[in-house]
Amino acid sequence: SPGLALSSAGNAPIRRFTPSTERLKFEVDPTTSTGTIDLAIDHDSLAPRRSVCECPLKGSITATLRTSGSGKRSLTLEKIELVTAGRGELEFVWSPLIGTIRMVIPGGLLTITDNSPDPVINLSANGRFSHPGYKFQVGGTGQVETTGLVLRRKIGNTETDLTIEETEPVTLAGTLTREEGRWHLDLPGTILKDQFEVDEEGTTLDLIFTSNIASYAK
10 SPGLALSSAG NAPIRRFTPS TERLKFEVDP TTSTGTIDLA IDHDSLAPRR SVCECPLKGS
70 ITATLRTSGS GKRSLTLEKI ELVTAGRGEL EFVWSPLIGT IRMVIPGGLL TITDNSPDPV
130 INLSANGRFS HPGYKFQVGG TGQVETTGLV LRRKIGNTET DLTIEETEPV TLAGTLTREE
190 GRWHLDLPGT ILKDQFEVDE EGTTLDLIFT SNIASYAK
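Residue numbers (my numbering): 10 to 227.
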């Protein structure tokens, strides 16, 4: 808890804090947290197509908050576990003869977890932070359904593996604030990207996953 002390000059009060360590378990709020899935498909013989959908996110974040005697705070992120809390559906449409591809990602099947050593993140006075080089791991599958003569023959109904063992490094930016007696951790606009080859003909899927996370300490 903060207190006041006199400086060596004898007249300028200095704020002192009791050093503390607090372990925090945040619950991700699915009513305000979202994951946006942006998927582009590119096949040699077909015009490229893109589709976007949004799903609620749930999960938890485990962290340790340290406060020094000068009042400076640091946050160590130990575990981030997210999962889609609703169904995602992406649709790619060509001509009636070629057909459509619909990818369905059932709720609870797409997971996002941290894949970095626990970073110690220094917080500014207002709780803001930005930490580069953070990596995630993505797991899950999409159920692929096709219509149309060409696509039914080429692809049919199948499953696509959406696993990313290790994402490209991203900057983890957000704020830690205290409201109504508990800590709130917000991580807006974290973007994960990857590319998948889905067949031997060079068909590729480009995935951009953007998470907006709002969480509160239990």
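For glycine and all other residues, C-beta sits at the position ideal for the given N, C-alpha and C.
If you ignore the 5 residues before and after P126, its C-beta comes within less than 7 Å of no other C-beta in its own chain. In this chain, the alpha helix (DSSP H) harbouring K163 covers 158 to 163. Counted as a single uninterrupted DSSP element, the stretch harbouring K227 is not any beta strand (DSSP E), since DSSP gives it neither H nor E. For the pair T155 and I50, the Cα-to-Cα distance works out to about 14 Å.
Under the 8 Å Cβ criterion, the stretch 100 to 116 does not count as touching the stretch 196 to 207, having fewer than three qualifying pairs. Within the same chain, Cβ atoms closer than 6 Å to the Cβ of G68 are found at V37, E90, L91, V92, the five residues on either side in sequence being excluded. In this structure, I130 lies near L84, with their beta-carbon atoms less than 8 Å apart. When rounded, the separation of the alpha-carbon atoms in T45 and F26 is 41 Å.
Under DSSP, F26 forms no beta bridge with any residue. The Cβ atoms of F205 and V147 lie no closer than 8 Å to each other.
Of the residues T169, A223, S29, the one whose Cα lies closest to the Cα of G151 is T169.
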